[in-house]
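Enquirer: Sharing a structure below in structure tokens format, with a few things to ask.
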Amino acid sequence: MTRLCSITDVPTGEVRRFELGNLVVAVANIDGHWYAIADTCSHQNVSLADGELRAGTLEIECPKHGSCFSLETGVPSSLPATKPVAVYSVRLDGDDVYLEVAE
């Protein structure tokens, strides 16, 4: 597990972009439930962290063409994206947010 941020860095209902070396993730906090997804849309090179967080469906919408990706599986639910993006396990320890990254 790698420390990503503090719980205060991502207010509830929001998403933020973080870089861990070559890995860039969008981290969402939905009412205390945390999600981490690869930050780049699989359709084009666009940051998902700049998109709209859809708390009701646990999705994030790409700001460029509107594809929505599941925060739980990374699978797109709408075109033009057809390929999933990676998702990562998140763990809280006190006020710290940790990301599980395969070595």
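By the working numbering, the letter at position 82 of the sequence shown is numbered 84, and the numbering carries on one by one without gaps.
Built from N, CA and C at the ideal position, the CB exists for glycine as well.
Please read all numbers here as calculations on a predicted model, not as lab measurements.
Would you please state the rounded distance, in angstroms, between the beta carbons of G15 and L55? I believe it to be under 8 Å.
Expert: That belief holds up - the Cβ atoms of G15 and L55 are roughly 7 Å apart, short of 8 Å.
Enquirer: Secondary structure at L50, three-state DSSP: helix, strand or coil?
Expert: Reduced to three states, the DSSP call for L50 is helix.
Enquirer: L22 and L101 - do their beta-carbons sit closer together than 8 Å?
Expert: Yes; because the gap between Cβ atoms is below 8 Å, this pair is in contact.
Enquirer: Return the chain-ordered list of same chain residues with a C-beta closer than 8 Å to the C-beta of T84, the five sequence neighbours on each side being excluded.
Expert: Excluding positions up to five away in sequence, the list reads S44, H45, P78.
Enquirer: Out of V87, F71, A88, point me to the one whose CA is closest to S80's CA.
Expert: Nearest option by C-alpha distance: F71.
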